[in-house]
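Student: Quick one: structure below, then a few questions.
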Amino acid sequence: MKLSDLSPLMARRQDGSLSFDRFRLDPVLASLQWPDDVLEQFLFDHGDNAAFVYDYGGIDLREVTWQLETIPAADFSGMPTGVSDAGCIEGYAENPVHWVAVRPPEIGRHWEEHGTWLCPPILIDRRFLDPSDSGLQVLEGRTRVGILRGRLREELYVASHHQAWVGHP
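Okay, so the sequence shown: first residue is 3 according to the numbering used here, each after it adds one.
Right, dumping it as structure tokens:
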């Protein structure tokens, strides 16, 4: 099952007739047995985004197993995102204070108190994109990772480890 196979479901989401609660219960998605966070951030929010389809359309979604993992902050420093959004993480990192300030206040409080994001981003094993590659790639959460990089650069409080959903083969 590829992103393109979800087009009818995504069309129902686009026209407003499908809430996330109904979306996640669709039999096609239920068979994936993905965590709700991943379903929502990846498929519900971006499953028909042209850049996502370009970057991740070749992945067989049935082959991805998701696990919530704790990752050292340093590992996010050079982590790429999809080629369609190359450079966007660095753009967010240029002004992390701004990108936190334009979010709901609880996000800023969470960064100040815990040094991390409220909602774990979605990362994917790069072997899905190129079997000879290694490491992780930011699939969704580019702003969050950019804020983390910017806060590190500006020497603002950042926790030493962060949770993220990681898709493995």
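For every residue, glycine included, the Cβ atom is placed at its ideal position computed from N, Cα and C.
Small disclaimer: the values here were computed from a predicted structure and weren't measured.
Spatial neighbours of W113 within its chain, please: CB distance less than 6 Å, with the 5 preceding and 5 following residues excluded, ordered by chain position.
Tutor: Numbered from 1 along the sequence shown, position 111 holds the residue referred to as residue 113. Hits under 6 Å: V102.
Student: Taking DSSP as the reference, what is the three-state secondary structure of D50?
Tutor: For this step, residue 50 is matched to residue 48 along the sequence shown. Coil at D50, not helix or strand.
Student: Based on Cα-Cα distance, which residue from G148, D135, A166, T67 lies nearest to I91?
Tutor: Residue mapping note: residue 91 aligns to position 89 of the sequence shown, counting from 1. Looking at the Cα atoms, G148 is the closest of the given residues.
Student: Is the beta carbon of F123 sitting closer than 8 Å to the one on L70?
Tutor: Here residue 123 refers to the residue found at position 121 of the sequence shown. Here residue 70 refers to the residue found at position 68 of the sequence shown. For clarity, residue 123 is Pro in the given sequence; the question names Phe instead. No, these two residues do not count as a Cβ contact at 8 Å.
Student: In the DSSP output, which residue or residues are listed as bridge partners for T67?
Tutor: Sequence index remark: in the sequence shown, residue 67 carries index 65 (1-based). DSSP lists H170 as partners of T67.
Student: In terms of residues, what are the limits of the alpha helix (DSSP H) holding V99?
Tutor: Locating residue 99 in the sequence shown gives position 97, where the first residue counts as 1. First-last of the alpha helix (DSSP H) with V99: 98-103.
Student: Would you list the residues sitting across from P74 in a DSSP beta bridge?
Tutor: Translated into the one-based positions of the sequence shown, residue 74 becomes position 72. BP columns for P74 point to H163.
Student: Taking the alpha carbon of V168 as the point to measure from, which residue in V140, A161, E157, S162 has its own alpha carbon closest?
Tutor: Here residue 168 refers to the residue found at position 166 when the sequence shown is read from its first residue. For the residues V140, A161, E157, S162, the minimum Cα distance to V168 belongs to V140.
Student: Looking only at C-alpha atoms, which of D87, E157, H116 sits nearest to H164?
Tutor: Counted from its first residue, the sequence shown places residue 164 at position 162. Here the closest residue by C-alpha is H116.
Student: From the DSSP output, in three-state form, read off E42 for me.
Tutor: Sequence index remark: in the sequence shown, residue 42 carries index 40 (1-based). In the structure shown, E42 sits in a helix (DSSP, three-state: H, G or I).
Student: Please name the residue, chosen from P10, H100, V85, R128, that lies closest to L45 on a Cα-to-Cα basis.
Tutor: For the purposes of this step, residue 45 is identified with residue 43 of the sequence shown, where counting begins at 1. Looking at the Cα atoms, P10 is the closest of the given residues.
Student: Around the C-beta of G143, are 16 or more other C-beta atoms found within 10 angstroms, so that it is buried, or is it exposed?
Tutor: Working through the sequence shown from its first residue, we reach residue 143 at position 141. Buried is the call here.
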